[in-house]
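Note that numbering that gives the first Met the number 0 has the sequence shown beginning at 0, numbered continuously upward. Just so it is clear, CB atoms sit at the ideal spot from N, CA and C, and this is done for glycine as well. A short worksheet on the structure shown next.
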Amino acid sequence: MAWCESGACDLCYVAALISQWDIDANQSLNAAELRALIIHKEETLPPNQKREQAGVIIELRPTEQDIDYIMEECDLNGNGVIDKSELLIALAQWAEIAERKSAQSRACVVL
Ligand SMILES: [Ca+2]
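Encoded structure:
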């Protein structure tokens, strides 16, 4: 289902992600589904967005704690799953965590 004519708006993006990763077809993502989505996104980052550590391209993996944290912070209506309205926030949260992780590993290398 397209939400706008071009199919390129945020809602369409979210709807497409959910229909791709919502394994149990309840129109939302549980922790395992969200984890699979994030891992896939990390694996398929465009070259200019690849994460680097000391000049080496690294692939970040969300830990279970990361996913728990995202689920806790972003499940705004508290139903235990990430809905359409919560997915962009969840992805932004992961982007922040990922940024922090690669910054941390850079700092470790410098030290
Ligand atoms: Ca929710």
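Given a threshold of 16 other Cβ atoms within 10 Å of its Cβ, counted over all protein chains shown, does residue i qualify as buried or as exposed?
| i | result |
| --- | --- |
| residue 85 | buried |
| residue 53 | exposed |
| residue 55 | exposed |
| residue 89 | buried |
| residue 22 | exposed |
Apart from the five residues just before and just after residue i, which ones in its own chain have a Cβ nearer than 6 Å to its Cβ?
| i | result |
| --- | --- |
| residue 75 | 85 |
| residue 65 | 96 |
| residue 50 | 57, 59 and 101 |
Suppose contacts are defined by Cβ-Cβ distances below 9 Å. Is residue i in contact with residue j by that definition?
| i | j | result |
| --- | --- | --- |
| residue 81 | residue 27 | yes |
| residue 14 | residue 83 | yes |
| residue 79 | residue 47 | no |
Among the residues of its own chain, which have a CB less than 7 Å from the CB of residue i, if the five just before and after it don't count?
| i | result |
| --- | --- |
| residue 100 | 59 |
Open item on the list: Under 8 Å, with one C-beta from each stretch per pair, do the stretch 24-33 and the stretch 64-78 reach the 3-pair mark?
Closed with: yes
Open item on the list: So, does the stretch 6-23 touch the stretch 48-67, judging by three or more C-beta pairs under 8 Å?
Closed with: no
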